[in-house]
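Chains as they are written, first to last, in this note's numbering: chain A, 1 to 166; chain B, 1001 to 1564. Cβ coordinates follow ideal geometry from the N, Cα and C atoms, glycine included. Just so we're clear, the structure is a prediction, and the values are computed from it rather than from any experiment. These notes concern the structure reproduced below.
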Amino acid sequence: MNNFNHYYDSETIRQVISVIVINEHNALSRIVGLFSARGYNIDSLTVAPITGSEYSRMTIVTTGDKRVIDQIVKQLNKLIPVLKVNEHKNVIEKETVLIKIPINQPISDVEVIARAYNGHIQNVTDDAIVISATDEPHRIANFTNIMNNRFNPLEIVKSGVVAMER
Amino acid sequence: MKMTGAKMVIESLNEERVDTVFGYPGGAIMNVYDEIYKQNHFEHILNRHEQASIHAAEGYARSTGKVGVAIVTSGPGFTNAVTGLATAYMDSIPLVVISGQVPTTIIGTDGFQEIDAVGISRPCTKHNYLVNKIEDLPRIMKEAFHIARTGRPGPVHIDIPKDITAQVGNFEYPKEVNLPTYKPTVNYNKRQLKKAMIAISKSKKPLLYVGGGAILANCGHEIREFAKKTNIPVVETLMARGIMGHDNPLLMGMLGMHGEFAANMAAYETDLLISLGARFDDRVTGRLDEFASKAKVIHVDVDPASIEKLVKANYPIVGDLKVTVEGMLESLKDIEFNDFSNWVALLKEYREKEPLRYIDSNTVIKPQWPIERVGEILGNKAIISTDVGQHQMWTAQFYPFSFPRQFITSGGLGTMGFGLPAAIGVAKGNPDKVSINFSGDGSILMNIQELMTCVQSNLPVINIILNNNYLGMVRQWQTMFYENRLSETDLSIQPDFKMLVESFGGLGYRVTTKEEFDAALKDAVEKKRPAMIEVIVERNEEVLPMVPNGHALNEMTLIGDIDE
Ligand SMILES: Cc1ncc(C[n+]2csc(CCOP(=O)(O)OP(=O)(O)O)c2C)c(N)n1
């Protein structure tokens, strides 16, 4: 018998975690500090207050083997201001991207591609147009790649992932 | 009642029945110190360095089981305290540490003696607070004590800006803590415990692996009972010394890097490791993938994050250790166990074949000898603290500990400079015992100024310096693993320790023979004054047995491997 194989063979997994935490000035730093102190990854992090309560929800996307993910959840639960930690299994994930493209690019192509990713033109000035898209994170990644390769964007801003159990 | 924030601090400490506070004043905390001057609820011990205030509070907490309290000022006062906080955090010691902060109006402007104290203390406390509003102060004080002492205990830090301690507000100390997000598990899962008990009943070579959590949970009695009723052998970690009592026939010694042969072999051969409040520290397990590799694991801990952090647990049980071991005792009536006497006999054979020992000498005092000698003379009349190094390991090995909280040492962080201030806390909290600190000639200089605290506060701490004129433990590694290149570990040039302690107003002794040692110890104990006995010991003694870093527990260097 070996007590450790369990951990050594396990592969890296991507995990969406949501953390319900009391709104207090230190809460975010406690959570981020936990990740950095223990060497865990944060792929993306979004935070906003939960309407009508004294809590905020953080959605964290992280990667690690099973042992690491277990530890992340347990260590988060240990923090005093943390009410609840959800390791999402079956979730709807969404991410938003804003992309600014110089006006001299073929605008109609931009629009066609954007529409394929539920995207829209948000704003047009003399110099640039801004498009937005909200979709599943892997599709947003594709969309961003395409736009990046074809239209020389001036700026790309991603929101990070938000998630909800189905 | 209306009062200032400073007065609220004092009143809260009174509500918590704090009788001793360690600390050091300064600008940002002066309002609180002014109230300390006026009150007579508790005694304040003035240390000579904030690190020592925290260690003293730790020594007090570790030896009495109560929450230790320390107060420091902002900026450098607080940063000096950080090593203490980290030491307490690693060993899960309940403390409440209060620091002054610059006024709220100045926070963020790089004001004089401003530092982001809560930012610094976050990774080395169980929880921390910056008090923004005076209304929050009583609640925060109440929560701090609650959080420090419940669940897996730990240090809690409260940072209070100076204007908050000056403001007047309404003081009403909360009767209860209302923390919906903090509910540590006390009661174990009954089904899980049952499964674990069945596993024990099927086992042929079970082993109780007891850690510092057993001391924190005050369950020495229950563990001794359980071992006795089941005839299961026990190994203790460094932090659990004293749980079984040195003469308990089921104790197979301390395990780990400098553990006993029998204890390490027990961990190697067991088929069921029953971990009680231990955390599989690398200094204990040696090479992790070979630690207890023939065994299934029952893992009991109050902290869910400790379970499966390093080792897969076949039977994880989250709960207060005392409550859980009581449950294990209770369930004994329904379960029948194998007869473990052959297993116990085998381990005893190992103990006899390879006992802890050292080769004594007629010409020079071996460092283990004074430790054994104090054990013979004072035994359970003393509480023993140590610094960090070879002397610490020898104390863990050779002192006959007979009750929990008798051995006070920095395990997780391994903080040199811990011993003397911790012994101050021990002396303050246990006036009926003799407070002995075993230290090295390196470690003692890290907080030597605390001799002044001992003298001023009349605390009869006896420091026994095992002087090998080396940073001995590092020298040992250099000898064994760096081809004897003694890089910066030679301490041939040292102060005259006798004169040093005398200049502080304490008793000094320098001894080179066993007779001189006995006489000095007797004199120091009788005179009940702060003392330092410098013992000139063999320079090149090694701590043995030793499991070299990265090796498995059964790959030990034994004493016979060296002297032949
Ligand atoms: C604050 C701190 N600095 C450095 C170390 C590393 N260290 C561990 S043991 C040791 C030597 C201790 O020497 P001494 O106090 O003379 O005790 P001895 O080993 O000789 O008994 C050192 C430097 C430490 N544990 N703590």
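Reference Arg1539 (chain B); option with closest CA among B:Arg1475, B:Phe1504, B:Tyr1033 and B:Met1499
Ranked by Cα distance from Arg1539 (chain B), the first of B:Arg1475, B:Phe1504, B:Tyr1033 and B:Met1499 is B:Arg1475.
So with CB distances below 9 Å, who are the chain B contacts of Gly33 (chain A)?
Neighbours of Gly33 (chain A) across chain B, judged by C-beta separation under 9 Å: Gly1119, Arg1122 and Pro1123.
From which residue to which residue does the beta strand (DSSP E) around Phe1022 (chain B) run?
Annotation: the continuous beta strand (DSSP E) that includes Phe1022 (chain B) extends over Thr1020 to Gly1023.
Opening and closing residue of the beta strand (DSSP E) in which Arg1139 (chain B) lies:
Looking at the DSSP string, Arg1139 (chain B) is not in any beta strand (DSSP E); the run it does join, the alpha helix (DSSP H), is Leu1137 to Arg1149.
Does ligand 3 have even one heavy atom less than 7 Å from the beta-carbon of Leu1471 (chain B)?
No copy of ligand 3 occurs in the structure displayed; its ligands are ligand 1 alone.
Once you ignore the five residues that flank Asp1561 (chain B) on each side, which residues in its own chain have a CB closer than 7 Å to its CB?
So the list is empty, once near-sequence residues are dropped.
Does the beta-carbon of Ile13 (chain A) have 16 or more other beta-carbons within 10 angstroms, so that it is buried, or is it exposed?
Under this definition Ile13 (chain A) is an exposed residue.
Following the continuous beta strand (DSSP E) through Ala48 (chain A), name the residue where it begins and the one where it ends.
If you look at Ala48 (chain A), you'll find it in the beta strand (DSSP E) that goes Ser44 to Pro49.
Which full runs of the alpha helix (DSSP H) of 4+ residues lie inside the segment 1324-1399 of chain B, going along the chain?
Those alpha helix (DSSP H) runs which fall completely within the segment 1324-1399 of chain B and span 4+ residues are 1341-1353, 1368-1378 and 1390-1398.
Per-residue burial, Leu1558 (chain B) [other beta carbons within 10 Å of its own, 16 or more giving buried]
So Leu1558 (chain B) counts as exposed.
I'd like to confirm something about Thr1087 (chain B): is its beta-carbon nearer than 7 Å to some heavy atom of ligand 1, or not?
No - ligand 1 has no heavy atom lying nearer than 7 Å to the Cβ of Thr1087 (chain B).
Excluding the 5 residues flanking Tyr1470 (chain B) on each side, which residues of the same chain have their C-beta closer than 7 Å to its C-beta?
Taken in chain order, the residues that qualify are Thr1489, Asp1490, Leu1491 and Arg1539.
Between Met1446 (chain B) and ligand 1, is there a pair consisting of the residue's CB and a ligand heavy atom that are separated by less than 7 Å?
Closer than 7 Å to some heavy atom of ligand 1: that describes the Cβ of Met1446 (chain B).
At a CB-CB cut-off below 9 Å, which residues of chain B make contact with Ile22 (chain A)?
Those within 9 Å of Ile22 (chain A) in chain B are Pro1180 and Thr1181.
What whole-angstrom Cβ distance do Tyr1173 (chain B) and Lys1133 (chain B) have, given they're in contact under 8 Å?
About 16 Å; that fails the 8 Å criterion.
Can you give the Cα-Cα distance for Gly1242 (chain B) and Arg1373 (chain B), rounded to whole angstroms?
Each residue's alpha carbon lies about 18 Å from the other.
Is it buried or exposed for Asn1549 (chain B), if we count other Cβ within 10 angstroms and need 16 for buried?
Exposed is the label assigned to Asn1549 (chain B), since fewer than 16 other Cβ atoms lie within 10 Å of its Cβ.
Secondary structure of His1127 (chain B), DSSP reduced to three states:
Three-state DSSP puts His1127 (chain B) in a strand.
Would you verify that the beta carbon of Leu83 (chain A) is, or is not, closer than 8 Å to some beta carbon of chain B?
Yes, contact with chain B.
So, is Ser199 (chain A) buried or exposed, given that buried needs 16 or more other C-beta atoms within 10 angstroms?
Here chain A comprises residues numbered 1 to 166, so residue 199 (chain A) is not present and cannot be evaluated.
From which residue to which residue does the beta strand (DSSP E) around Pro102 (chain A) run?
Pro102 (chain A) -> beta strand (DSSP E) spans Val91 to Pro102.
Contact under 8 Å by Cβ, Tyr1350 (chain B) with Ile1274 (chain B)
Cβ distance not < 8 Å, so Tyr1350 (chain B) and Ile1274 (chain B) don't count as in contact.
On the CB-based measure, 16 or more other CB atoms within 10 Å of its CB, does Val85 (chain A) come out buried or exposed?
That one is buried.
Using a beta-carbon distance below 8 Å, is Gln71 (chain A) in contact with chain B?
For Gln71 (chain A), at least one C-beta of chain B is nearer than 8 Å to its own C-beta.
For a cutoff of 8 Å on Cβ pairs, would you count Pro1304 (chain B) as touching chain A?
Chain A contact via Cβ: present.
Excluding the five sequence neighbours on either side, which residues of its own chain have a C-beta within less than 6 Å of the C-beta of Met1003 (chain B), listed in chain order?
For Met1003 (chain B), where only same-chain residues beyond five positions count, the Cβ hits under 6 Å are Phe1171.
Could you pull the start and end residues of the beta strand (DSSP E) that Asp135 (chain A) belongs to?
Per DSSP, Asp135 (chain A) belongs to the beta strand (DSSP E) from Ala128 to Asp135.
Could you tell me the boundaries of the alpha helix (DSSP H) in which Leu1179 (chain B) lies?
Element bounds for Leu1179 (chain B): n/a, residue is neither H nor E.
Which residue wins for smallest C-alpha separation from Thr1512 (chain B), given the options B:Gly1319, B:Asp1320, B:Phe1280 and B:Pro1370?
When each option's Cα is compared against that of Thr1512 (chain B), the closest is B:Pro1370.
Could you work out which residues of chain B lie near Lys89 (chain A), taking near to mean beta carbons separated by less than 7 Å?
Contact note: Lys89 (chain A) does not reach chain B at a C-beta cutoff of 7 Å; the least C-beta distance is about 19 Å.
If you measure from the CB of Ser1492 (chain B), is any heavy atom of ligand 1 nearer than 7 Å?
For ligand 1, not one heavy atom lies less than 7 Å from the Cβ of Ser1492 (chain B).
Listing by chain order, which chain B residues have their CB less than 8 Å from the CB of Ile80 (chain A)?
The answer, in chain order, is Lys1126, His1127, Ile1147, Leu1179, Thr1181 and Tyr1182.
Proximity of Ile1093 (chain B) and Ala1061 (chain B) at Cβ, strictly below 8 Å
For Ile1093 (chain B) and Ala1061 (chain B), yes; Cβs fall inside 8 Å.
Can you list the residues of chain B that Ala37 (chain A) reaches, using a CB-CB cut of under 7 Å?
In chain order, Pro1123 make up the part of chain B whose C-beta sits under 7 Å from the C-beta of Ala37 (chain A).
Which same chain residues end up closer than 8 Å to Ile1200 (chain B) when comparing Cβ atoms and leaving out the 5 residues on each side of it in sequence?
Same-chain partners within the cutoff: Pro1206, Thr1230, Ile1232, Leu1272, Ile1274, Ile1298, Ile1335 and Phe1337.
For Met1 (chain A), count the other beta carbons within 10 Å of its own beta carbon; 16 or more makes it buried, fewer makes it exposed. Which is it?
Its pLDDT being 47, under 50, Met1 (chain A) is placed unreliably by the model, and the measurement read from it follows with that caveat. Burial call: exposed.
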